[in-house]
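Which chain is which? The protein sequence lines are H and E, in order.
Heads up, the first sequence is in the working numbering, so the first residue is 346 and it goes up one at a time.
Heads up, the second sequence is in the working numbering, so the first residue is 8 and it goes up one at a time.
Worksheet for the structure shown next.
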Amino acid sequence: MRVMVAVKRVVDYAVKIRLTPDKTNVELKNVKMSMNPFCENALEEAVRLKEKKIASEIVAVSIGPKQAQETLRSALAMGADRAILITTDMRTDNEIQPLTIAKILQKTAQEVKPDLILMGKQSIDGDNCLTGPMLGGLLGWPQGTFASKIEVDWANKTIEVERETDSGTQVLSMKLPSVVTADLRLNEPRYATLPNIMKAKKKNPSMSKMLAV
Amino acid sequence: TVKVTMLSATAAVRGVARRSALLSTARNASTLVVAEHADGKLGASTLNVVTAAKALGGDVAVLVAGSGAKGVAAEAAKVDGVTTVLAAEDAAYDHALAESMTNLISELQGSKSFSHIFLAATNEGKNIAPRLSAKLDVSPLSEILEVLGEDTFKRPMYAGNAIATVKSNDPVKIATVRTTAFDKAATEGGSGAVEDVSGPGDAGLTKWISDEVAKSDRPDLASAEIVVAGGRGMKNGENFQMLYDLADTLGGAAVGASRAAVDAGYVPNELQIGQTGKVIAPNLYIGVGISGAIQHLAGMKDSKTIVSINKDPEAPIAQVSDIF
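Listed below in structure tokens is the structure:
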């Protein structure tokens with residue numbers, strides 16, 4: 346089974362944001378950036394599927410500036426097999442629209458051909474909480490959002506998702522391929538080991554420039 | 008497409024005014040509100056979304072889908088300001104599965120051409136709205152706080168520390184509505200016409216297995232007037248009984264929690280207040296053993312009065328507390 350994980354480089358969750366001097370946007374210069382927390386959960390789940398010998402390949406994908414290579418190197422260090430970066434000069438917190446991101450991921454999925462797409466439920470900069478289910482809609486795949494537990498039945502090509510609802514939890518069974526978005530309670534992400542971080546430093550994500558979608 | 012036209016910081020702002028003023032210019036709007044319902048009753052969140060729809064001017068239609076839709080539709084028809092109620096009585100739409108609901112709503116949009124489609128910014132609404140938007144090839148707006156015009160809205164970013172003014176030029180504006188930003192429409196006074204509708208039925212991709220719903224006599228956390236919340240300082244789940252007792256003494260308050268308390272297993276997930284949990288704005292919020300991380304403040308800083316009980320004088324929540 347091949348898993349595609351979409352990860353995003355965002356302002357670190359502990360940062361107190363400020364506006365730019367001209368007050369037109371949020372200041373990003375010299376601000377600490379990190380992998381979006383929910384994306385870490387998505388990636389961790391993919392790595393666990395590989396450890397359980399259910400997933401055979403993990404492909405990490407990101408859309409962002411060239412510096413997002415660092416985010417993808419962290420993904421490789423955590424256990425992704427290969428990484429793809431689609432570069433753009435547009436701001437990914439409030440300039441590029443989630444629908445555009447979803448369309449880029451749709452095109453990427455058509456090339457990567459995953460059986461499962463995992464991503465964070467929401468990115469903490471834009472707080473849109475849209476990309477995952479939009480991607481599900483574009484691909485016509487079933488979606489399991491706000492997942493707190495997943496179980497893949499590869500033999501029957503189904504996935505059972507326990508998801509958080511407004512009044513408790515819900516369990517759904519979906520046919521693969523599916524899109525699943527992760528919440529913090531899905532798992533506890535590992536820290537990449539130093540040897541793996543060093544190995545990842547030598548890998549280069551395959552990069553391509555964002556084209557109009 | 009949607010463009011951000013303005014951004015403002017909200018670090019010092021407390022208290023979001025409840026928006027329910029009618030726009031004088033937007034008479035051409037025709038809005039569909041996708042209702043939530045459970046146990047044969049209309050969901051409370053739907054009443055807040057109806058108010059947001061009314062702010063646009065124009066007709067307000069409410070869609071009720073699933074088993075028992077006809078009964079809930081009769082209730083929705085009495086809501087003040089509702090023009091029409093579309094009842095899709097069909098078990099295929101039970102549990103509000105995103106795939107089936109998306110197909111139903113997009114088929115209705117094909118025949119009725121709404122200018123706006125609003126859903127509550129609950130986990131249910133946030134599951135459906137984006138998939139629907141992708142299918143209709145429009146950019147959805149998440150968690151709108153204010154309606155400034157037919158195509159202009161305000162929404163929060165960065166855990167509510169920045170407010171963006173966004174403008175959409177899409178043929179249909181699909182948005183999820185932050186319920187705490189709009190008053191509830193009155194449940195009487197409306198005389199909407201109920202219309203039976205049908206759609207494509209089960210999308211056949213997803214099977215509902217089970218729901219675990221916490222049964223409680225307490226008011227719904229998202230709309231309660233008084234909320235007592237506990238954090239990591241509560242030390243364990245048993246200590247939360249003190250908060251339930253306090254809530255009872257206060258005359259039926261809701262009980263919530265910080266993410267830390269939920270993650271530690273003190274209480275179940277639906278009690279979580281925060282940036283990605285429930286956003287609340289009660290008249291009175293009492294936080295016990297909650298430090299006030301950015302992400303928690305995002306979920307409660309619009310409460311009218313904030314009381315915090317905490318041993319740590321440096322706790323960030325002190326900065327937004329009226330009584331600490």
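Ideal Cβ placement from N, Cα and C applies to all residues, glycine included.
Simplified DSSP state of residue i, which is helix, strand or coil
i              : result
P163 (chain E) : strand
I399 (chain H) : coil
M13 (chain E)  : strand
S118 (chain E) : helix
F189 (chain E) : coil
A28 (chain E)  : Bear in mind that the predicted position of A28 (chain E) carries a pLDDT of just 49, short of 50, making it unreliable; the figure below should be weighed with that in mind. Coil, per DSSP.
V23 (chain E)  : Residue placement at V23 (chain E) is poorly supported in this model, since its pLDDT is 46, which falls under 50; the coordinates are not used for a value here.
E507 (chain H) : strand
F331 (chain E) : coil
G208 (chain E) : coil
M241 (chain E) : helix
A305 (chain E) : helix
Q442 (chain H) : coil
T172 (chain E) : strand
K61 (chain E)  : helix
V234 (chain E) : strand
V295 (chain E) : strand
S107 (chain E) : helix
M378 (chain H) : strand
E157 (chain E) : coil
D227 (chain E) : coil
Residue i classed as buried or exposed, judged by whether at least 16 other C-beta atoms fall within 10 angstroms
i              : result
V23 (chain E)  : Its pLDDT being 46, under 50, V23 (chain E) is placed unreliably in this model, and the coordinates cannot settle the point.
P534 (chain H) : buried
S37 (chain E)  : buried
V524 (chain H) : buried
Y536 (chain H) : exposed
A99 (chain E)  : buried
N439 (chain H) : buried
S468 (chain H) : buried
D470 (chain H) : buried
Closest Cα partner of residue i within the set the options
i              : options                        : result
E7 (chain E)   : E:G206, E:S198, E:T129         : The structure shown has nothing for residue 7 (chain E), since chain E only spans 8 to 331.
P540 (chain H) : H:L388, H:M423, H:T369         : H:M423
P323 (chain E) : E:T312, E:G296, E:S310, E:K311 : E:G296
D367 (chain H) : E:V41, E:M13, E:H44            : E:M13
V286 (chain E) : E:Y273, E:V173, E:L304, E:N55  : E:L304
A51 (chain E)  : E:A231, E:P320, E:G78, E:R266  : E:A231
D218 (chain E) : H:N549, H:S512, H:K554, H:T538 : H:S512
N276 (chain E) : E:K119, E:A128, E:A221         : E:A221
Q412 (chain H) : H:T538, H:L373, H:A391, H:E390 : H:L373
M380 (chain H) : H:P443, H:N549, H:T437         : H:T437
Sequence-distant residues of the same chain with beta carbon closer than 8 Å to residue i, five excluded per side
i              : result
S198 (chain E) : A84, K85
P459 (chain H) : R347, V348, M349, V404, P522
A28 (chain E)  : With a pLDDT of only 49 at A28 (chain E), under 50, the local geometry of the prediction cannot be trusted, and the value read off the model is given with reservation. A62, listed in sequence order.
P226 (chain E) : E232, G259, A260, A261
Those residues which DSSP pairs with residue i across a bridge
i              : result
V71 (chain E)  : E:A94
E496 (chain H) : H:E505
H123 (chain E) : E:T38, E:K180
W486 (chain H) : The partner list for W486 (chain H) (beta bridge, DSSP) is empty, contrary to what the question assumes.
T432 (chain H) : H:G409, H:K554
Q279 (chain E) : E:A264
Q515 (chain H) : H:R508, E:D218
T213 (chain E) : H:M519
V524 (chain H) : H:I462, H:Q488
V371 (chain H) : H:L364
I1 (chain E)   : Limits of chain E in this structure are 8 at one end and 331 at the other, which puts residue 1 (chain E) out of reach.
Sequence-distant residues of its chain with Cβ nearer than 7 Å to residue i (five each side left out)
i              : result
L278 (chain E) : L228, V262, G263, A264, V269
I301 (chain E) : A166
M519 (chain H) : P487, G489, T503, I504, V506
A447 (chain H) : T476, M479, L480, L483
Close beta carbons around residue i, own chain, < 6 Å, minus the five adjacent residues each side
i              : result
D329 (chain E) : T312, I313
D87 (chain E)  : A192, A193, G196, G197
A492 (chain H) : V506, R508, V525, A527, L531
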